[in-house]
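Protein chains in written order, with the working numbering: chain A, 432 to 545; chain B, 7 to 121. Quick reminder that beta carbons are idealized off the backbone N, C-alpha and C, glycines included. Remember, predicted model here, so these are calculated numbers, not experimental data. What follows is a set of notes on a single structure, which appears directly below.
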């Protein structure tokens, strides 16, 4: 049973560019959440998708956008990259009714903005 | 505004002893709490959780205690093993019953268990 998979594992971009990160949820899961983890910090909630709609959003600017596809996979897009966007981006999946909606995380995408 | 705080950045324990990791929160609306463990180059792995209707939950060597009046929870690992060496994150949610959880994480505690 495949867990949460994310691609790519590492990415290097320059300021002002745009980036797309991808996530496939754990088999059977229907909800995908995205988190940003800066160095030395805990993960910070970006947004959450269910039934192809954004259900909740954290305190992130509109440069951060996302999408969920009918197969429950998801993309995170970041426009006009800033140096401060350098971080580990984590995707988590969950299923309503599964052990209190525990979120299962992928290994993340390490984004470096130069 | 750090709503979930882990004030100890690191903890060193000998193998076989008890490890106690602490977490404090400020938002009284939080009603579900989780602990995750993270190894380098891996994503956080779910360890154990507790809802606000309980004050203790146990799973093998791991026990989580919740003190709602003090807005404090702790994770006890007994006995500690070298393989437990990792960063431990405390997380909280105010919406677990709706299915749409927004997890708020602490900054983590690095546990080192020496043989």
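Worksheet entry | Whole-Å CB distance - residue 411/A paired with residue 456/A, under 8 angstroms assumed | In the structure as shown, chain A starts at 432 and stops at 545, and residue 411/A therefore has no counterpart that could be examined.
Worksheet item: What are the start and end residues of the beta strand (DSSP E) that includes residue 32/B?
Response: For the purposes of this step, residue 32/B is taken as residue 26 along the second chain, with counting starting at 1. Here residue 32/B belongs to no beta strand (DSSP E), and DSSP marks it neither H nor E.
Worksheet item: Who are the neighbours of residue 494/A on chain B, taking C-beta pairs under 8 angstroms?
Response: Working through the first chain from its first residue, we reach residue 494/A at position 63. Per Cβ cutoff of 8 angstroms: no residues; residue 494/A is ~20 angstroms from chain B at best.
Worksheet item: So residue 534/A packs on residue 523/A, CB below 8 angstroms; how close in whole Å?
Response: Here residue 534/A refers to the residue found at position 103 when the first chain is read from its first residue. Here residue 523/A refers to the residue found at position 92 when the first chain is read from its first residue. About 4 angstroms separates the two Cβ atoms, so the contact holds.
Worksheet item: Which partner residues does residue 98/B have in the DSSP bridge list?
Response: Along the second chain, one-based indexing puts residue 98/B at 92. Partner(s): 39/B and 110/B.
Item to complete: Just tell me which of 112/B, 48/B and 92/B has its CA closest to the CA of residue 437/A.
Response: On the first chain, residue 437/A is found 6 positions in, with the first residue counted as 1. Per the C-alpha coordinates, the member of 112/B, 48/B and 92/B positioned closest to residue 437/A is 48/B.
Worksheet item: So which residues on chain A does residue 92/B lean against when the C-beta distance must stay under 7 angstroms?
Response: Along the second chain, one-based indexing puts residue 92/B at 86. Neighbours of residue 92/B on chain A: none; closest Cβ ~13 angstroms, over 7 angstroms.
Item to complete: List the residues of chain B whose Cβ lies closer than 9 angstroms to the Cβ of residue 538/A, in chain order.
Response: Start at 1 with the first residue of the first chain, and residue 538/A comes out as number 107. Chain B residues near residue 538/A: 47, 48 and 49.
Practice prompt. Name, in chain order, the residues that DSSP records as bridge partners for residue 78/B.
Written response: For this step, residue 78/B is matched to residue 72 along the second chain. According to DSSP, residue 78/B bridges with 30/B and 73/B.
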